[in-house]
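Novice:
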Amino acid sequence: MNTPHRLVFGGLGALALFVGTTAAADEPLVRQDEQGRVHAGGAVWETYGAFSQSDFFREHGLRCGTPASDPGVADGGGGGDCSAFSTNPASIYAPGVARYRIPVVVHVIRNSAGSLGHIPASLVESQIEVLNEDFLALPGTLGQNGTDTQIEFYLATEDPSGAATTGITYHNNTTWYNDAGAYWVSLAWDPDRYLNIYTNNASGALGYVPYLPQSGLAGQSSDRVVIYWAAFGDFAPIGPPYHRGRTTTHEVGHYLGLEHVFVTCGSAASCYTTGDLICDTARQSSPTIGCSGGSSCGEPDSFRNYLDYTNDICMTNFTPEQARRMRCTLEHWRPDAYEIVVDCPTDIDGTGATDFTDLLVMISSWGPCPGCPADVDGNGTVDFLDLLALLSAWGPCV
């Protein structure tokens, strides 16, 4: 089913538009002309940067255009532990030794002349790095104080036919650039197996997903993440405050089943079924604009959370229960979108178990051996410390 999906932009003035319809059928809420000027609401801004600081941008909630879950269409199957209505952050979803790796294809959509929307491969690669900094809470990065979700992203190395690829595609089409024309029907790689990210003008938003997977629509050709092209990548050309790649982190959080942290105050006694369906985020009823935290429900807001609207440099964390909901979403709603990588360094030959053949490899590598797979502890020498590690891990990698 490739019908258009209604996207509701929330904000001080809610607005609905149809994403993916042709420009002739429905005039986009926001469009850019060939000179890059932004047209919206009868007004014109010379640049998107100026538009992003406008009252129109704020009043129409264009920091993110992802709709809240619609109870009327939600839960077309999948897992009850991470439904559209509730979360059960069971220990089976806690990040452990198994890492989930998701292949990504980035479809860069430029206007027909190629003068707007171009993103070099280096900037695409930097965005993947930002995702991993945030989802893996890598030391020395802005995301280091967050939760290591053990969810990793990489640019696809094989396309759906099995051919080698960079994981980046380029297309020139002004209609598609203005986020119209059902481009995903022509461009999508199997959404069950790839995270499809499209960069264009995102209908004037910084980014959006058309629906959460709990809608029951995961895997359709329209299942995608859309990012305004100039906000894509680390030190993106849009400039501060949306230039460090956190729009993509935010939208991928939605792709993995997270609601905004500011849905409603909800109830502290039923926080797994109200608000954002998470108990270790603060109850919050309004988004944070800028970097100053408020107190919208009588407790400090989660203004540093990736699912708020904070400036990029102030977004620094997912919570442990958000991590569990995302991993639950992958297991139940996107079961073919990832591969499991078990951290098992003593499985030297890659058979999935630490056994006699690994022992033989270690013995044959004994002594100084910088960079050797058998140097389990990485000290430059294969020695008794590595042997003890191997023996203690004997058996299947789990």
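Going left to right, the sequence shown walks through residues 2 to 399 as my numbering numbers them.
The beta carbon of each residue, even a glycine, is placed where N, CA and C say it ideally should be.
All figures in this text were calculated on a predicted structure; none of them were measured in a lab.
Using CA coordinates, which residue listed in G379, R335, P369, L391 is at the minimum distance from D359?
Specialist: It is L391 whose Cα lies nearest to the Cα of D359.
Novice: Just to confirm my understanding: we take P397, look at its own chain, exclude 5 residues before and 5 after, and list those with CB closer than 6 Å. What are they?
Specialist: For P397, where only same-chain residues beyond five positions count, the Cβ hits under 6 Å are A354.
Novice: State the beta-bridge partners of H1 as determined by DSSP.
Specialist: What the structure shows of the chain is the stretch from 2 to 399, and residue 1 is not part of that stretch, so it cannot be assessed.
Novice: With respect to the beta strand (DSSP E) encompassing N197, which residues constitute its N-terminal and C-terminal limits?
Specialist: Unbroken beta strand (DSSP E) run through N197: 196-201.
Novice: Helix, strand or coil, according to DSSP, for G254 in the structure here?
Specialist: Three-state result, G254: helix.
Novice: Assuming L386 is part of the beta strand (DSSP E), what are its boundary residues?
Specialist: From DSSP, L386 is part of no beta strand (DSSP E) but of the alpha helix (DSSP H) over 385-393.
Novice: If we ignore side chains and look at the alpha-carbon of each, how far apart do F385 and A165 end up?
Specialist: Rounded to whole angstroms, F385 to A165 spans 41 Å at the Cα level.
Novice: Measure the beta-carbon distance from Y171 to R111 and round it to whole angstroms, keeping in mind my assumption that it falls under 8 Å.
Specialist: Indeed they touch by this definition, with Cβ atoms about 7 Å apart.
Novice: Among R326, G144, G118, whose alpha-carbon lies nearest the alpha-carbon of E130?
Specialist: Nearest C-alpha to E130: G144.
Novice: Would you check if the stretch 241-249 and the stretch 215-224 touch, i.e. whether three or more CB-CB distances between them fall below 8 Å?
Specialist: Not touching, per the Cβ criterion.
Novice: What residue range does the alpha helix (DSSP H) around L63 cover?
Specialist: Segment: none, L63 is in no alpha helix (DSSP H) and carries neither H nor E.
Novice: Hey, is the stretch 133-148 in contact with the stretch 191-209, meaning 3+ C-beta pairs nearer than 8 Å?
Specialist: No, because fewer than three Cβ pairs between the stretch 133-148 and the stretch 191-209 fall closer than 8 Å, the two stretches do not touch.
Novice: Residues in the same chain with beta-carbon distance under 6 Å from Y94, minus the five sequence neighbours each way, listed in chain order, please.
Specialist: Hits under 6 Å: R325, R328, C329.
Novice: Mind pulling the alpha helix (DSSP H) runs of 4 or more residues that sit fully within the stretch 125-176?
Specialist: Within the stretch 125-176, no complete alpha helix (DSSP H) run reaches 4 residues.
Novice: Please classify A26: does DSSP put it in a helix, a strand, or coil?
Specialist: Confidence in A26 is poor, its pLDDT being 39 and thus under 50, which makes the residue's placement unreliable; the coordinate value appears in the next sentence. If DSSP states are grouped into helix, strand and coil, A26 belongs with coil.
Novice: Which whole-angstrom value is the C-beta distance of T347 and V377, which I expect to be below 8 Å?
Specialist: Contact flag correct, Cβ pair sits at about 6 Å.
Novice: Using 10 angstroms around the beta-carbon of G381, count the other beta-carbons present and answer buried if the total reaches 16, otherwise exposed.
Specialist: Label assigned to G381: exposed.
Novice: Would you mind working out which of G372, Q128, Y310, N179 sits nearest G118, comparing C-alpha positions?
Specialist: Per the Cα distances, N179.
Novice: Based on the DSSP secondary-structure assignment, which residues constitute the bridge partners of A44?
Specialist: Answer is A41.
Novice: Tell me which same chain residues have a C-beta within less than 6 Å of the C-beta of V107, skipping the five on either side of it?
Specialist: Cβ neighbours of V107 beyond the five flanking positions: V125, I169, I198.
Novice: When you measure from the CB of S303 to every non-hydrogen atom of the ligand ADP, does any distance come out below 6 Å?
Specialist: With respect to small molecules bound, the structure shown includes none, and the ligand ADP cannot be examined in it.
Novice: Compute the beta-carbon to beta-carbon distance between I349 and P374, rounded to the nearest angstrom, for a pair I have assumed lies under 8 Å.
Specialist: Going by Cβ atoms, the distance from I349 to P374 rounds to 5 Å, so yes, they are a contact pair.
Novice: Report the three-state DSSP secondary structure of Y339 (helix, strand or coil).
Specialist: In this structure, Y339 counts as coil in the three-state DSSP scheme.
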